[in-house]
Amino acid sequence: MVGLGVHLSEPGAESYNAVLSALKLGYRHIDTAQYYEIEADVGRAIRDCGIPREAIFVTTKLFINKWGYEKALVATKESNEKLGLGYIDLYLLYAPGDIGVSNFDEAYLGKLLKTAKVKPAVNQVEPHPWMMRPSLVKYCKMHGILLEAYSPLARACKMDDPTLVAIANDVGATAAQVLVAFSLTNDFITLPKSTNPGRQKKQLRGGERQTDAFAS
Numbered sequence: 001m002v003g004l005g006v007h008l009s010e011p012g013a014e015s016y017n018a019v020l021s022a023l024k025l026g027y028r029h030i031d032t033a034q035y036y037e038i039e040a041d042v043g044r045a046i047r048d049c050g051i052p053r054e055a056i057f058v059t060t061k062l063f064i065n066k067w068g069y070e071k072a073l074v075a076t077k078e079s080n081e082k083l084g085l086g087y088i089d090l091y092l093l094y095a096p097g098d099i100g101v102s103n104f105d106e107a108y109l110g111k112l113l114k115t116a117k118v119k120p121a122v123n124q125v126e127p128h129p130w131m132m133r134p135s136l137v138k139y140c141k142m143h144g145i146l147l148e149a150y151s152p153l154a155r156a157c158k159m160d161d162p163t164l165v166a167i168a169n170d171v172g173a174t175a176a177q178v179l180v181a182f183s184l185t186n187d188f189i190t191l192p193k194s195t196n197p198g199r200q201k202k203q204l205r206g207g208e209r210q211t212d213a214f215a216s
């Protein structure tokens with residue numbers, strides 16, 4: 001699945017238009033967070049897009065300063081109200097301390113799985129060709145935990161990498177499309193961030209280019 005990450009999108013028109021254009025292009029997974037302060041814009045775009053709510057998967061996150069039972073209840077209600085979608089599909093604990101499902105390594109996951117009655121469905125991390133963490137990938141697969149890549153494009157810092165450029169030229173794709181394909185080929189849920197409709201479209205098409213050539 002290729003989803004849209006909206007971290008660092010500006011509140012207001014930029015966030016709203018990014019989500020709206022992505023949904024119209026075919027994206028069906030939107031990843032946001034209370035900390036981004038754009039949940040209302042994300043929710044409004046989803047309501048305005050004309051696509052049935054049940055066809056769209058929405059992830060948001062509880063920030064570290066909202067941990068604790070009572071604070072978490074209030075924060076969850078606030079996120080749900082700001083999104084205005086009736087329900088949240090996936091709710092992550094952001095920035096780990098002792099528990100959570102974002103940026104967890106094997107040690108954190110091991111502690112959680114020893115006591116948790118329900119194991120996490122997703123661990124949102126930063127896997128890409130320059131940060132694969134094979135032991136973590138193996139551990140999550142062993143325990144049936146999906147890996148979600150929140151920065152599959154390596155924060156756009158490697159777009160001129162010679163190997164990446166050579167692969168892109170060889171298969172007739174953009175560097176971003178190669179990285180999206182790499183992520184999906186390795187069974188990661190991938191969340192490339194873009195507010196540009198043209199780039200969103202190209203990244204979504206990267207999901208159609210899965211091939212063994214991109215495997216780790």
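Once you know that position 139 of the sequence shown is 139 in UniProt numbering, the rest is easy, because the numbers rise by one and skip nothing.
All residues carry an ideal CB built from backbone N, CA and C; glycine is no exception.
Remember, predicted model here, so these are calculated numbers, not experimental data.
Whole-number beta carbon distance between residue j and residue i, since they are thought to touch under 8 Å
i, j, result
"A40", "F63", "At roughly 16 Å, the Cβ-Cβ gap does not stay under 8 Å, so A40 and F63 are not in contact."
"L191", "E148", "7 Å"
"D31", "T59", "5 Å"
"L204", "G26", "6 Å"
"V2", "I38", "With a Cβ gap of about 20 Å, V2 and I38 do not count as contacting."
Contacts around residue i, its chain only, beta-carbon distance under 7 Å, and the 5 residues preceding and following it disregarded
i, result
"V101", "L92, L93, P120, V122, N123, Q124"
"A215", "Low confidence applies to A215: its pLDDT is 49, below 50, so where it sits in the model is not reliable enough to give any reading."
"K202", "T174, A176, Q177"
"R28", "A55, I56, F57"
Burial state of residue i, where buried means 16 or more other Cβ atoms lie within 10 Å
i, result
"D98", "Confidence in D98 is poor, its pLDDT being 37 and thus under 50, which makes the residue's placement too unreliable to answer from."
"S135", "exposed"
"R155", "exposed"
"P11", "exposed"
Extent of the continuous beta strand (DSSP E) run through residue i
i, result
"K117", "First-last for K117: undefined, no H or E at that position."
Continuous alpha helix (DSSP H) stretch holding residue i: start and end
i, result
"I167", "162-171"
"T185", "175-185"
Same chain, Cβ closer than 6 Å to residue i, neighbours up to 5 away in sequence not counted
i, result
"T211", "Annotation note: pLDDT 48 at T211 (below 50); position unreliable, no value reported."
"V137", "none"
"T195", "S9, E14, A18"
"I167", "V178"
Below-9 Å beta-carbon distance, residue i vs any chain B residue
i, result
"L153", "Considering every chain present, this structure includes no chain B. It has just one protein chain."
Closer than 8 Å: residue i CB and nearest the ligand FMN heavy atom
i, result
"K138", "Here there are no bound small molecules, and the ligand FMN is not part of this structure."
Contact check, residue i vs residue j, beta carbons under 9 Å
i, j, result
"L109", "C140", "yes"
"A181", "G206", "yes"
"V19", "I51", "no"
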